[in-house]
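Peer 1: Pasting in a structure now, in structure tokens, and then I'll have a few things to ask.
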Amino acid sequence: MKVEEKERVIRIENDELLLTYDLSSGYLSAFDKELPKEVIFRSFAQIILEGEKDSLCSTALKYERAWEKEEVVDELGEGERIKLSHLHLSSKPDICLYLTLYQESPFFILQVSVKNSLDKKIKIKELSPFAISSQEGSRLNLGSSLENLSFYKQGWQSWSPTFCLKVKDKARPCRFSLGRRMLESYPGRDKSEQTAEGVGVVKDLKSNKALGLGFVSFEEQLTRIRLKVKDKDALELRAISSADGLTLSPGEELPSEKLLVNFKEPALTSLSNYAKIIRGEKAFKSIPTGWCSWYYYFNRVREEDIIENLKVLSESKDKIPLEYFQIDDGYQESIGDWTTINSKFPRGMKWLAERIKEA
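Following the working numbering, the numbering of the sequence shown begins with 871 at its first residue and continues without gaps.
Okay, here's the thing in structure tokens:
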């Protein structure tokens, strides 16, 4: 590992990767040491405040920038963590970008935080530790042209589609408003915009080079990867950690989730290694166990079905210890009306909840 600053540019490298951060401009570039030019050119961090017209970027000219480093030893290995502070911009909060590179890993980790250094409350809509945009002069160099790029789109929930498509292909959202709201986390998006939930991959189908972006922490925020083609050759790519308008009082700070960036490995290898990393992240302190009506009865479940299963499971506590007993869709008169009970549950949900509690 090597970390140094020369002419206001920080260089951090291991045997495979070289990362540079320009303290004069706030841009991050990343190189595969086996290739002649950078893969990521002029990426930046971005914060969107609720109610503000313009976003706040690490590239804002009047930020005072400073950096410090610390050694890191965690489940991903040994490495260096760089804290890049962006301070004292008039009427704007402070930003910190954290960059972690490990000695023997083909990826790096980014995280951004915003600190309310003002004398008033602010609301945070989104935090992006990684963004590239043609308007900022950013480039993603995977070997050929935009025409050959495809995007792996991870679905939002179990019914949402997960697939790959060309980045210039227009999204085909569900025709119905209710369907869009059920199947997509961001139903109001533009048709030229593609969204992957939590993890996404951009791949050049000609060179087979790929950029994998995936959030590896899941503490406070829902996350997504957003790709947009603005015109013939203008690509916008953002990794977004959603803050949902959270209010920060003066002095308070909010970090994004941690983002893994991997352009060294093939697309499938990158996804496979991402899965291994989040499996080891231990996002949950314990794994909940329980029974749910949906997976056998779907919305056809009846009160007698619930009682029958509750009796069997109650008699089998020693063999099948369960923490939760869940009644899913099927008890209500219609979807969305969760307070009106249908005729399949004649004694109502309060009576049934009491029987479950007694068991």
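Idealized CB from N, CA, C, for every residue including glycine.
According to the neighbour-count rule (16 or more other Cβ atoms, all chains shown, within 10 Å of its Cβ), is D1074 buried or exposed?
Peer 2: Result: buried.
Peer 1: Go ahead and pull the three-state DSSP assignment for I1226.
Peer 2: Residue state, collapsed to three classes: helix.
Peer 1: Which value, in whole angstroms, describes the spacing of the CA atoms of F1215 and E1185?
Peer 2: The alpha-carbon atoms of F1215 and E1185 are separated by roughly 23 Å.
Peer 1: Using C-beta distances below 8 Å, list every residue in its chain close to T1210, excluding the 5 sequence neighbours before and after it, in chain order.
Peer 2: So the qualifying residues of the chain are Q1202, E1203, S1204.
Peer 1: Give the range of the beta strand (DSSP E) segment to which D902 is assigned.
Peer 2: 897-902 is the extent of the beta strand (DSSP E) around D902.
Peer 1: Grouping DSSP H, G and I as helix and E and B as strand, with all else coil, what is N1169?
Peer 2: Here N1169 sits in helix by DSSP.
Peer 1: Can you tell me which of E1224, P1120, L1183, R1149 puts its alpha carbon nearest to the alpha carbon of D989?
Peer 2: Here the closest residue by C-alpha is P1120.
Peer 1: With distances taken between CB atoms, is the gap from K953 to Y968 smaller than 8 Å?
Peer 2: For K953 and Y968, yes; Cβs fall inside 8 Å.
Peer 1: Three Cβ pairs or more, each shorter than 8 Å: is that satisfied between the region 889-900 and the region 925-937?
Peer 2: The answer is yes - the region 925-937 touches the region 889-900, with three or more Cβ pairs under 8 Å.
Peer 1: Below 8 Å, can you find three or more Cβ-Cβ pairs linking the region 912-920 to the region 991-1011?
Peer 2: With a cut-off of 8 Å, the region 991-1011 and the region 912-920 count as touching, because enough Cβ pairs lie within range.
Peer 1: Are the beta-carbon atoms of V1037 and L1016 separated by less than 8 Å?
Peer 2: Against a cut-off of 8 Å, the Cβ pair of L1016 and V1037 comes out as a contact.
Peer 1: Would you report the Cα separation of R1172 and S1028, rounded to the nearest angstrom?
Peer 2: Going from the Cα of R1172 to the Cα of S1028 covers about 24 Å.
Peer 1: Nearest to Q1005 by CA position, among F911, E1135, D1207, G1200, is which residue?
Peer 2: For Q1005, the nearest C-alpha among the options comes from F911.
Peer 1: Out of curiosity, what's the CA-to-CA distance linking I1002 and S913?
Peer 2: Taking the straight line joining both Cα atoms gives about 5 Å.
Peer 1: For A930, name the three-state secondary structure that DSSP assigns.
Peer 2: A930 falls in the coil class under three-state DSSP.
Peer 1: If distances are taken between C-alpha atoms only, which option among S1163, P906, L1180, V1071 comes closest to T1139?
Peer 2: Nearest option by C-alpha distance: V1071.
Peer 1: By a C-beta neighbour count over all protein chains shown, 10 Å radius and 16 as the cutoff for buried, is F1144 buried or exposed?
Peer 2: The sequence as given places Tyr at residue 1144; Phe does not occur at that position. Buried.
Peer 1: Would V943 be called buried (16 or more neighbouring beta carbons within 10 Å of its own) or exposed?
Peer 2: Result: exposed.
Peer 1: If contact is defined by three or more beta carbon pairs under 8 Å, each pair taking one atom from either stretch, is the region 1106-1125 in contact with the region 1147-1167?
Peer 2: Cβ pair count under 8 Å is below three, so no.
Peer 1: Under 8 Å between the Cβ atoms of G1068 and N1132?
Peer 2: Against a cut-off of 8 Å, the Cβ pair of N1132 and G1068 comes out as no contact.
Peer 1: Residues in its own chain within less than 6 Å of A936 by CB, not counting five upstream and five downstream?
Peer 2: Correct list, in chain order: S955.
Peer 1: Under 8 Å by Cβ, that's how I've got E934 and H958 pegged, so tell me the actual separation to the nearest angstrom.
Peer 2: The Cβ separation is near 5 Å, so the contact holds.
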